[in-house]
Every structure is written in C-alpha cells, then in structure tokens.
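In what follows, a single structure is set out as structure tokens and then discussed.
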Amino acid sequence: MMKTALITGVTGQDGSFLAEFLLEKGYEVHGTIRRSSVDYRERIAHLEGLPHFHLHYADMGDSMSLLQVVGKVRPDEIYNLAAQSHVQVSFDSPEFTADVDATGVLRVLEAVRLCGLAATCRIYQASTSELYGKVEEVPQNENTPFHPYSPYAVAKLYGYWIVKEYREAYGMFCCSGILFNHESERRGETFVTRKITLAAARIRQGKQEKLYLGNLSSLRDWGYAKDYVECMWLILQNDKPEDFVIATGVQHSVRDFCRLAFHYVGIELEFSGEGENEKGVDKATGKVLVEVSSDFYRPTDVVNLWGDPSKAREQLGWNPVKTSFEQLVKIMVDADMEKVALERASDRIRTNLAEYLEKGIVK
Ligand code: NAP
Ligand code: G4F
233 MMKTALITGV
243 TGQDGSFLAE
253 FLLEKGYEVH
263 GTIRRSSVDY
273 RERIAHLEGL
283 PHFHLHYADM
293 GDSMSLLQVV
303 GKVRPDEIYN
313 LAAQSHVQVS
323 FDSPEFTADV
333 DATGVLRVLE
343 AVRLCGLAAT
353 CRIYQASTSE
363 LYGKVEEVPQ
373 NENTPFHPYS
383 PYAVAKLYGY
393 WIVKEYREAY
403 GMFCCSGILF
413 NHESERRGET
423 FVTRKITLAA
433 ARIRQGKQEK
443 LYLGNLSSLR
453 DWGYAKDYVE
463 CMWLILQNDK
473 PEDFVIATGV
483 QHSVRDFCRL
493 AFHYVGIELE
503 FSGEGENEKG
513 VDKATGKVLV
523 EVSSDFYRPT
533 DVVNLWGDPS
543 KAREQLGWNP
553 VKTSFEQLVK
563 IMVDADMEKV
573 ALERASDRIR
583 TNLAEYLEKG
593 IVK
C-alpha cells in the first residue's frame with residue numbers, strides 16, 4: 233500500500249527536498265501552500281503536475297484550514313515544517329512568530345486528534361538547535377538543558393513541549409527532530425550561508441562591490457539539507473516515538489564559511505580588525521570585500537551551536553557526515569556562480585534587445 237504524507241511548508245528549503253525524497257520512496261505526497269499575490273513556488277515547480285504530488289491551501293494561523301486538509305488527506309505521516317523560520321525576523325514580528333511556530337504546532341496536533349487519526353498518524357515536528365540558545369554545554373545532545381535566546385526559539389520550545397505532551401497524554405506517535413543548521417543551494421537568501429555564497433558569486437562576476445555581515449565569530453554546526461530530510465523520515469520509521477538531535481558534529485565560524493566560499497570563487501580573503509571594525513580583504517588586490525554592519529546584530533545572539541548526533545547515528549543508522557562542510561560550501565557556491573552567470577546573460581539579452589528595438593533593427 234502506498235503511504236500518504238502531508239508536508240506543511242512544502243515550498244520551503246526542507247519541504248522541497250523532503251517532497252522529492254518521499255516521492256522517490258513511493259509516497260503519495262500532499263503539501264500545504266499559502267495564498268500569495270505572486271506565485272513564488274520556485275523550489276517545487278519541478279514537482280507540480282506529477283501524479284502523486286498534490287497541493288492544498290492552509291495556513292498555520294488558521295485552524296479551520298488545517299482541519300480541512302488533515303480531514304481530506306487523512307495522512308499516515310505529517311511533517312510539520314511550516315514556520316516563520318528566520319531568527320532575526322522573530323525580533324521584529326514576535327507575535328506572528330509565536331502564533332505560527334508555537335500555537336501552529338498545537339493546531340496540527342489537534343487537527344489530527346479531531347479527525348480521529350491520533351492512533352494512526354505519525355507526526356514529525358521541525359524543532360531546532362536554537363532551543364539550546366545561550367548554551368549550557370558544548371557539544372549539545374538530547375539531554376542538554378534548553379535556554380532559548382530569541383522569540384523564535386521560545387516559540388519553538390512551546391512546539392517541542394506540546395509534542396511531548398501529546399505523546400504522553402494521548403499516546404500519539406509524535407516526535408521532534410532537534411535539527412542543527414542545514415543549508416543548501418535552495419536556502420533562503422537572507423540566511424548567512426546563502427547570503428555569503430550569493431555575494432561571493434556576485435562579487436566574482438562584477439555584480440556586487442561588498443558584503444556586509446553581522447557577527448563573524450558566531451559558531452554553527454552546518455549540514456546539508458538534503459541529508460537531513462532523510463533523518464526526518466527515519467525518525468518516523470523508528471519503533472518508538474522519540475526526539476533526536478540531528479547535526480554533523482563539526483563546528484565552524486561565519487568567518488570560516490566566508491573564507492571558504494570566497495576561496496571557491498577564486499578570491500583569497502584575509503580578515504583583520506575586531507568587532508565592528510573587522511574587515512575581509514582580497515589578498516591579491518587589497519580591496520575590502522567584507523565589512524561588518526551592526527544592522528545584522530541581534531538583541532541576543534546564539535553563538536556556540538555544536539551538535540552531538542550519536543543517538544541518531546546509533547539508533548537510526550543515519551550518517552551525519554555524508555556531505556562534508558567543504559562539499560556543502562562548494563555545492564552552494566557552484567549553484568550561485570551559475571545563477572549569477574544566467575542573470576548576467578539575461579541582462580545582456582535585455583540590453584541588446586532594448587538597443588535593437590530603439591534602432592529599429594528588430595520590431
Ligand atoms: P523555510 O525555507 O523558511 O520554509 C518555511 C516554510 O514554512 C515555507 O514553506 C513557508 O511558506 C512556510 N510558512 C511560513 N509561515 C507559514 C504560515 N503561517 N502558514 C503556512 N506555512 C507557512 O524553512 P526551512 O529552512 O525549510 O526549515 C523548515 C522547518 O525547520 C522550519 O520549521 C524551521 O523553523 C525548522 N528548522 C530549520 C533549520 C534549518 O537550518 N534550515 C534548522 C532547524 C529547524 P512560504 O514559502 O509561503 O513562505
Ligand atoms: O543563518 P542564520 O540567520 O541562522 P540561525 O539564526 O542560526 O537560524 C537558522 O538555523 C536554526 C537552527 O539552529 C533554525 F532553527 C532557524 O530556523 C534558521 O534556519 O544566522 C547564523 C549566525 C547567527 O549567529 C547570526 O548572528 O550567523 C550570524 N550572522 C552574521 N552575519 C548573520 C549575518 N546571520 C544573518 N542571517 N545575516 C547576516 O548578515
């Protein structure tokens with residue numbers, strides 16, 4: 233029998249990779265999308281129209297829409313990935329973030345219960361290493377105490393606890409994956425890794441002068457999103473509902489990421505100075521390419537995330553280092569070099585066409 237999965241947030245980075253993964257496994261895949269004035273569904277455009285891929289309108293802030301979609305699809309598995317996922321934005325929109333990332337999780341759990349699926353439907357909750365926040369130990373594992381350090385993290389902590397509560401109160405198979413940062417060529421352009429790879433590509437191809445960043449010393453455990461969606465699935469195939477830390481076990485700074493990304497486009501950066509005065513200089517030309525701007529500082533910043541994926545490796549058989557840090561940066565840089573090259577080509581075509589129209593060469 234073909235299994236049915238429902239993915240909230242299918243248009244996101246993880247949602248798009250997970251949809252591909254589940255379709256390959258032979259699932260009937262349903263995803264939720266939000267109404268928007270522009271149709272921006274770039275990450276799943278290649279899946280639309282496939283016979284086993286279906287889209288439904290639902291919003292995490294709207295119980296009725298969630299009830300309708302859960303009742304209609306009656307999924308065997310739900311992957312609750314939808315969220316306001318940007319930590320810095322959560323300081324500007326804390327109430328919206330709480331509604332979507334905290335109460336939204338409750339809405340999904342209740343929809344499952346109210347549709348009579350509590351005994352049959354397995355639920356994955358997209359939890360986060362941001363729960364460790366102002367970290368109390370390094371590296372972090374499933375037993376490390378939480379100390380959330382942003383409105384986003386506080387909202388996600390509610391999601392984590394309500395999932396545990398429904399597991400214990402109603403015996404539901406619902407689990408949290410405590411995922412450390414995972415990136416890809418599909419990462420949103422305002423997260424630090426993608427901001428860096430895109431800027432490196434643009435600077436290399438003469439489309440941008442400089443890159444402005446915030447805290448260069450922040451440390452992260454960065455993995456490849458495509459590897460991490462496999463783990464979401466493995467968590468739901470486990471015998472018992474349990475929570476798992478998903479990480480690579482390797483840590484780097486924002487500065488390290490920057491240095492490597494620029495290296496892959498052929499620019500060797502040297503950093504000097506401290507705090508807001510730190511600069512990244514092109515060794516070959518002496519030009520300042522990276523500067524620090526306080527605009528990208530957060531009121532409270534999480535600066536030391538480093539995960540211990542032993543439990544996932546031992547109990548789920550998951551390989552945390554399938555894609556190395558170096559491979560991840562290379563994948564992202566190569567994709568952005570190609571994207572920028574295509575943008576330049578299309579700019580050239582537009583300019584030529586405008587000139588030909590003006591001169592009457594084409595009509
Ligand atoms: P993402 O690219 O920002 O995708 C978020 C998804 O949620 C998008 O599909 C978005 O839809 C949807 N969404 C946002 N608000 C919504 C609402 N009110 N109703 C319905 N859908 C809504 O995030 P991601 O990187 O794929 O992350 C997936 C999940 O994992 C998130 O819950 C995130 O918090 C969590 N997480 C991510 C990481 C990471 O490093 N990537 C680590 C730990 C946990 P639109 O396309 O319409 O905006
Ligand atoms: O790339 P970031 O914005 O990711 P952050 O805050 O770690 O959050 C991501 O990972 C979480 C898992 O730990 C997810 F739960 C969450 O949904 C999201 O996917 O920032 C990473 C670090 C921060 O310390 C930030 O202060 O990079 C620092 N940083 C330095 N300059 C910057 C910048 N971050 C951004 N976004 N932009 C900068 O210019």
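Reminder that position 139 of the sequence shown reads as 371 in my numbering, one-by-one numbering, no gaps. Just so you know, even glycine gets a beta-carbon here, dropped at the ideal spot from N, CA and C.
- Scanning the segment 332-362 for uninterrupted beta strand (DSSP E) segments of 3 residues or longer gives 354-360, listed from N- to C-terminal end.
- In this structure, the alpha-carbon of G258 lies about 9 Å from that of T236.
- DSSP places A586 in the helix class (H, G or I) of the three-state scheme.
- Ligand 2 never approaches T240 closely enough for any of its heavy atoms to be under 7 Å from the residue's Cβ.
- Considered as a whole, the segment 429-504 harbours 457-469, 486-496 as its complete alpha helix (DSSP H) runs of no fewer than 4 residues, in chain order.
- Distance from the C-beta of Q320 to the nearest heavy atom of ligand 2 is below 7 Å.
- A544 is a Cβ neighbour of C463, given a cutoff of 8 Å.
- Shown here, D246 sits in a helix according to DSSP, grouped into three states.
- The segment 334-350 and the segment 420-439 do not touch, with fewer than 3 CB-CB distances between them shorter than 8 Å.
- T240 is bridged by DSSP to N312.
- In this structure, ligand 2 has a non-hydrogen atom nearer than 7 Å to the beta-carbon of G446.
- About 5 Å separates the Cβ atoms of V565 and T429, confirming a contact at the 8 Å cut-off.
- Within 10 angstroms of the beta-carbon of G348 lie fewer than 16 other beta-carbons, which makes it exposed.
- I581 counts as exposed, since fewer than 16 other C-beta atoms from the protein chains shown sit within 10 angstroms of its C-beta.
- E546 and P552 have their C-alpha atoms spaced approximately 11 Å apart.
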